[in-house]
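*Asks:* Below is one structure. I have some questions about it.
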Amino acid sequence: AQSVTQLDSQVPVFEEAPVELRCNYSSSVSVYLFWYVQYPNQGLQLLLKYLSGSTLVKGINGFEAEFNKSQTSFHLRKPSVHINDTAEYFCAVSERQGGKLIFGQGTELSVKP
Amino acid sequence: EAGVVQSPRYKIIEKKQPVAFWCNPISGHNTLYWYLQNLGQGPELLIRYENEEAVDDSQLPKDRFSAERLKGVDSTLKIQPAELGDSAVYLCASSLSRTAGNEQFFGPGTRLTVL
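As you go down the protein sequences, you meet chains C and X in turn.
Sequential numbering from 3 applies to the first sequence in our numbering.
Sequential numbering from 9 applies to the second sequence in our numbering.
What follows is the structure in C-alpha cells.
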C-alpha cells in the first residue's frame, strides 16, 4: 500500500518570494508521482507529474518538482510566487500498475502582498 | 473542450434524506472516478468505472451509497439515507483510460451539507 505525507499544512509566503511545498511518500513498489492544485470552489488541476526519466519535472505556472528516490520525496518548488498562486496543493502517488491515486492531506499556500 | 461537469454544485439536506449527484465526464474518457473530499483533507477514491463496469468499489460504503454509470458515459452517485458525517465535497474525475500515469481531470465537485 502507498501513503503520502505533506509535511506542512499551511505555508504563508510573501509575493515574489521562493516557496517549497514538501511531500514524502511510502511505497513498496515503483510509483508515479503527481502534484495537483485546487483553487477555492474548484476541482483539482494537474500541475505536473513524474513518470520516468529526468528527476526534475517542470509543470504549469512556473512550478517544478524533483523526484528523490533515496529520500522518497517529491517536493514542489517555485522561484517566485504570485498572489494568484494562493490555493491548496495536493501531492499524490499511484502504483505503476493500477492507476489508483492516493492523495496527501494538502498544503494551503497563502501568498501575501 | 468542455471539462467534467457536475451537478448540483451545492446541496443541503436533512439527515436520513436521500441525495443524488450527477457527473458528465469529458467526451471520450472511458474511466470515471468518484472521490470524497472531507474538509482539510485530500480526496479519497470511492469508486472507479471502466466504461460501465465498476472495477474498484472497495471504499464505497455499500450500505448507504450506490453508484451507476449507464451506457458508460454519465454517472450518478446516491446516498440513502444521508448521515451527518456525509457532509463533504464529492468530486468526479475522468481519464482516457485507467492506465497509471494518465491525467485525471476533475470536476468542480458537489458540496453536500447534511443538517
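Every residue, glycine too, gets a C-beta built ideally from N, C-alpha and C.
1) Give the secondary structure of X:Asp94 by DSSP, where H, G and I count as helix, E and B as strand, and everything else as coil.
2) For X:Glu61, which option in X:Ile20, X:Ser15, X:Asp82, X:Arg77 has the closest C-alpha, if you only look at C-alpha atoms?
3) According to DSSP, simplified to helix, strand and coil, what is C:Asn86?
4) Relative to chain X, which residues along the region 19–53 of chain C have a C-beta separation below 9 Å, given in chain order?
5) Could you say which of C:Ser28, C:Lys102, C:Glu97 lies nearest to C:Asn70 if we only look at CA atoms?
6) Could one say the Cβ of C:Gln12 lies closer than 7 Å to chain X's Cβ atoms, at least one of them?
7) Less than 7 Å between the beta carbons of X:Phe29 and X:Leu85, yes or no?
8) Find the nearest neighbour of C:Gly64 within the set C:His84, C:Thr57, C:Gly55, C:Leu46, judged by alpha-carbon distance.
9) With 16 as the cutoff for other CB atoms within 10 Å, does X:Glu22 come out buried or exposed?
10) Counting contacts by CB-CB distance shorter than 7 Å, is X:Pro69 in contact with chain C?
11) Along chain C, which residues have their Cβ under 9 Å away from the Cβ of X:Val12?
12) For my contact list, C:Leu49 and C:Gln40 are in at a C-beta cut-off of 8 Å; report their separation, rounded to the angstrom.
13) What distance in whole Å lies between the Cβ atoms of X:Pro51 and X:Tyr43, which are believed to be in contact at a cut-off of 8 Å?
14) For C:Leu53, write down the residues that DSSP places opposite it in a beta bridge.
15) Just checking: is the beta-carbon of X:Gln49 within a distance shorter than 7 Å of some beta-carbon in chain C?
16) What is the residue span of the beta strand (DSSP E) that C:Ala3 lies within?
17) Could you name the residues of chain X that C:Phe92 contacts, counting a contact when the two beta carbons are closer than 8 Å?
18) Taking 7 Å as the threshold (beta carbon to beta carbon), is C:Lys114 in contact with chain A?
19) Please tell me whether C:Gly61 has its Cβ less than 7 Å away from any Cβ of chain X.
*Replies:* Inspection of the coordinates gives the following:
1) In the three-state scheme derived from DSSP, where H, G and I count as helix and E and B as strand, X:Asp94 is classed as helix.
2) Per the Cα distances, X:Arg77.
3) In the structure shown, C:Asn86 sits in a helix (DSSP, three-state: H, G or I).
4) Within the region 19–53 of chain C, the qualifying residues are Val33, Tyr34, Phe36, Tyr38, Gln40, Asn43, Gln44, Gly45, Leu46, Gln47, Leu48, Lys51, Leu53.
5) It is C:Ser28 whose Cα lies nearest to the Cα of C:Asn70.
6) No, its Cβ sits nowhere closer than 7 Å to a Cβ of chain X.
7) Less than 7 Å separates the beta-carbon of X:Phe29 from that of X:Leu85.
8) Residue C:His84 is the option with its Cα nearest to C:Gly64.
9) The C-beta of X:Glu22 has fewer than 16 other C-beta atoms within 10 Å across all chains shown, which makes the residue exposed.
10) With 7 Å as the cut-off, X:Pro69 does not count as an interface residue toward chain C.
11) Those are Gly45, listed as they occur along chain C.
12) Under the criterion of beta carbons closer than 8 Å, C:Leu49 and C:Gln40 do not qualify as touching, at roughly 10 Å.
13) The Cβ separation is near 4 Å, so the contact holds.
14) Paired residue(s): none; C:Leu53 is not in a bridge.
15) Closer than 7 Å: yes.
16) C:Ala3: not part of any beta strand (DSSP E); DSSP gives it neither H nor E.
17) Here the neighbours are Gly50, Pro51.
18) Considering every chain present, this structure includes no chain A. Its protein chains are C and X.
19) It does not; no Cβ of chain X falls within 7 Å.
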